[in-house]
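S.K.:
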Amino acid sequence: MAHRYSPSLAPDPARQVHDRYWAFSWQEMALYDMSAIINYVLTTTGHSTLCYVGNSEGTMQAFAGFSVDQELARKVSYFGALAPVAYLGHIPSSIF
Numbered sequence: 001m002a003h004r005y006s007p008s009l010a011p012d013p014a015r016q017v018h019d020r021y022w023a024f025s026w027q028e029m030a031l032y033d034m035s036a037i038i039n040y041v042l043t044t045t046g047h048s049t050l051c052y053v054g055n056s057e058g059t060m061q062a063f064a065g066f067s068v069d070q071e072l073a074r075k076v077s078y079f080g081a082l083a084p085v086a087y088l089g090h091i092p093s094s095i096f
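Take the sequence shown: its position 41, counting from 1, is numbered 41 in the numbering used here, and each next residue is one higher.
1. When the Cα atoms are used, what is the spatial distance from Gly65 to Ile37?
2. Please specify which runs of the alpha helix (DSSP H), each continuous and at least 4 residues long, are wholly inside the segment 5-89, giving them in chain order.
3. Residues in the same chain with beta-carbon distance under 8 Å from Leu50, minus the five sequence neighbours each way, listed in chain order, please.
4. So, is Tyr52 buried or exposed, given that buried needs 16 or more other C-beta atoms within 10 angstroms?
5. Taking C-alpha atoms, which residue in Val85, Asn55, Gln61 lies nearest to Tyr32?
6. For Asp69 and Glu28, I'd like the C-alpha separation in whole angstroms.
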C-alpha cells in the first residue's frame with residue numbers, strides 16, 4: 001500500500017522476497033507480540049504492572065493474548081478496549 005507521501009512503500013518487485021516477513025496472523029500477534037511488548041515496557045520502566053489501551057485489532061490481540069496467558073494478564077492492571085472487534089467474518093483464519 002502506498003500513496004504520494006510514502007514513496008518508500010511503493011510496490012517494488014525486488015521487495016517481493018519479503019512477503020514471508022509480512023505473512024503473520026493476529027493469533028501470532030496475540031501469542032508473541034503482546035507478551036514481548038508488555039514485558040519490554042515493564043523491564044524498561046521497572047514497574048510490575050501497566051495499563052493497556054487497545055483499539056480495534058489491538059483489543060482482539062489483547063483478549064486472545066490475555067485469555068491464553070494468565071501470567072501476562074496479571075501484568076495488566078487496566079485494559080481499555082476501544083472499538084473492540086466483535087465479528088470475525090472476513091478474517092480467513094480460525095480463532096485458535
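Where a beta carbon is used, it is the ideal one built from N, C-alpha and C, also for glycine.
M.R.: Walking through what the data contain:
1. Taking the straight line from one Cα to the other gives about 12 Å.
2. You should have 34-45, 57-68, 70-74.
3. Around Leu50: Ile38, Val41, Leu42, Lys75, Val76, Ser77.
4. Result: buried.
5. For the residues Val85, Asn55, Gln61, the minimum Cα distance to Tyr32 belongs to Gln61.
6. Straight-line Cα distance between these residues: approximately 13 Å.
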